[in-house]
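One structure is given below, encoded as structure tokens.
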Amino acid sequence: MIGQFVIRTYEIFAANKYSATHNLHAADVLNVRKLKLGFPMDKILFFTIVGLFSAFITAVIGFTKLINDKESKVSEFRQEWTNTIRHTLAELVSCFRVFFELAEKSCQRAALCETVSTELSSMKHDSVEYKIKNEALLHNKVMLEKFGEEIIETKRNIHKNVALTLLHFKPNDSDFLHIEGKINAILSIISDFKNKSDKEDKDERLKKIISKGNEAETLCRDILSLSRHVMKYEWERIKGGEENYKKTKKIFKNGSLMISLAMAILFLLLTISRYSHYLAEEMSNKPASQTYSITSESSSSNEGLEKSNKWNSIEDSISPSDKKIEDAAAEQKK
5 MIGQFVIRTY
15 EIFAANKYSA
25 THNLHAADVL
35 NVRKLKLGFP
45 MDKILFFTIV
55 GLFSAFITAV
65 IGFTKLINDK
75 ESKVSEFRQE
85 WTNTIRHTLA
95 ELVSCFRVFF
105 ELAEKSCQRA
115 ALCETVSTEL
125 SSMKHDSVEY
135 KIKNEALLHN
145 KVMLEKFGEE
155 IIETKRNIHK
165 NVALTLLHFK
175 PNDSDFLHIE
185 GKINAILSII
195 SDFKNKSDKE
205 DKDERLKKII
215 SKGNEAETLC
225 RDILSLSRHV
235 MKYEWERIKG
245 GEENYKKTKK
255 IFKNGSLMIS
265 LAMAILFLLL
275 TISRYSHYLA
285 EEMSNKPASQ
295 TYSITSESSS
305 SNEGLEKSNK
315 WNSIEDSISP
325 SDKKIEDAAA
335 EQKK
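The following block contains the structure:
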């Protein structure tokens, strides 16, 4: 329906142009098929422009869709990256806490084994108390070995998660520098456990492990706090979209507004042109009726003048004697 309106408006424009050029009325040239005024070429140009404009709009929409699909895919990868780094950091903090808990229990078991060994050295081997203490010592040694294996496994998981965490960030990333500093501080604490001194007392070593564990716990909380800020920042980026998506969205929004404004102006111009054409038709029909009435009135007035002139000429042709005879006849009738 819009296409028919546009074509009809175009035909009106063409008719007005042709009528102005050939001194004809616009209403007489609107029937393009009958008069064959040569509008098909103009229509071909018009539809060519409309086709090119439609192709341009389609290309713009396709390009915009391509960018949006690409950016949405990037957002999906970013969401997956966020979930992975969240899982890795949570696993790393968990391994840190488990390591210091195992280190504390291992130190307690080692101290207990040392105490029981000292007590067994002063007991008789055939006594019942010696057997009980010996079984307790063996149990503690088994638990100590178990703790040692768990500590080794935990350290392996720590190094694995540290490597995965580092690989999730680019070098010298400002968002990761603070987290990396906290991780390195905990790793330096863990490396201190290797430097065991033979002269170090078991109680002093246990106190040192508990103190280092508390320090590591504070660093773990800092890591979680900093990680939450990083996760929130990444989530805001995912929710808001990528930079190219934002630019495309802004351009598309402004372009839609401009196109809507242009369409409104075009519709207004078409309405004005339609109204002006209607007025032109009214004006073209009104002078024709007025000229017809004027010509009819002038013709009737000319006929009256001719009749009056004829009677005047007849009266002038009558002689004075004839007038006297007519006057006498009129008096006799009276």
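Taken in order, the sequence shown gives residues 5 to 338; the numbers are from the numbering used here.
C-beta: ideal position from N, C-alpha, C; glycine also.
Quantities reported herein were computed from a predicted structural model and do not represent experimental measurements.
Where residue i and residue j are concerned, what is the direct C-alpha to C-alpha distance, given to the nearest angstrom?
{"i": "Thr119", "j": "Tyr134", "result": "13 Å"}
{"i": "Asp177", "j": "Ile183", "result": "10 Å"}
{"i": "Thr299", "j": "Thr275", "result": "The pLDDT assigned to Thr299 is 47, lower than 50, so where the model puts this residue is not dependable; a value taken from the coordinates is nonetheless given after this. Cα to Cα, the separation comes out at about 37 Å."}
{"i": "Leu230", "j": "Leu116", "result": "39 Å"}
{"i": "Thr222", "j": "Lys212", "result": "16 Å"}
{"i": "Cys111", "j": "Thr86", "result": "38 Å"}
{"i": "Ala220", "j": "Lys174", "result": "25 Å"}
{"i": "Glu238", "j": "Glu84", "result": "11 Å"}
{"i": "His91", "j": "Asn188", "result": "19 Å"}
{"i": "Lys243", "j": "Leu273", "result": "42 Å"}
{"i": "Ala59", "j": "Ile263", "result": "15 Å"}
{"i": "Ile162", "j": "Phe100", "result": "7 Å"}
{"i": "Ile136", "j": "Lys236", "result": "57 Å"}
If you follow the alpha helix (DSSP H) that residue i is in, where does it begin and where does it stop?
{"i": "Phe180", "result": "Ser178 to Ser195"}
{"i": "His143", "result": "Val132 to Leu171"}
Taking DSSP as the reference, what is the three-state secondary structure of residue i?
{"i": "His233", "result": "helix"}
{"i": "Ser76", "result": "helix"}
{"i": "Asp205", "result": "coil"}
{"i": "Met262", "result": "helix"}
{"i": "Ser125", "result": "coil"}
{"i": "Lys243", "result": "helix"}
{"i": "Lys257", "result": "helix"}
{"i": "Lys251", "result": "helix"}
{"i": "Lys216", "result": "helix"}
{"i": "Lys211", "result": "helix"}
{"i": "Lys174", "result": "coil"}
Exposed or buried, what is residue i when buried is set at 16 or more other beta-carbons lying within 10 Å of its beta-carbon?
{"i": "Arg232", "result": "exposed"}
{"i": "Thr62", "result": "exposed"}
{"i": "Leu96", "result": "buried"}
{"i": "Arg113", "result": "buried"}
{"i": "Asn144", "result": "buried"}
{"i": "Lys74", "result": "exposed"}
{"i": "Phe151", "result": "buried"}
{"i": "Ala107", "result": "buried"}
{"i": "Ile65", "result": "exposed"}
{"i": "Phe103", "result": "buried"}
{"i": "Ile156", "result": "exposed"}
{"i": "Lys186", "result": "buried"}
{"i": "Ile1", "result": "The chain is shown from 5 up to 338; residue 1 falls before or after that span and cannot be answered."}
{"i": "Ile190", "result": "buried"}
Under the criterion of a Cβ to heavy atom distance below 6 Å, does residue i qualify as lining the ligand COA?
{"i": "Asp205", "result": "No copy of the ligand COA appears in this structure; indeed no ligand is present at all."}
Using CA atoms only, rank isn't needed, just tell me which of the options is closest to residue i.
{"i": "Lys257", "options": "Thr68, Arg225 and Thr88", "result": "Thr68"}
{"i": "Ser98", "options": "Lys159, Leu181, Phe60 and Ala140", "result": "Lys159"}
{"i": "Leu168", "options": "Leu93, Lys128 and Leu148", "result": "Leu93"}
{"i": "Asp179", "options": "Lys251, Lys254 and Ile227", "result": "Ile227"}
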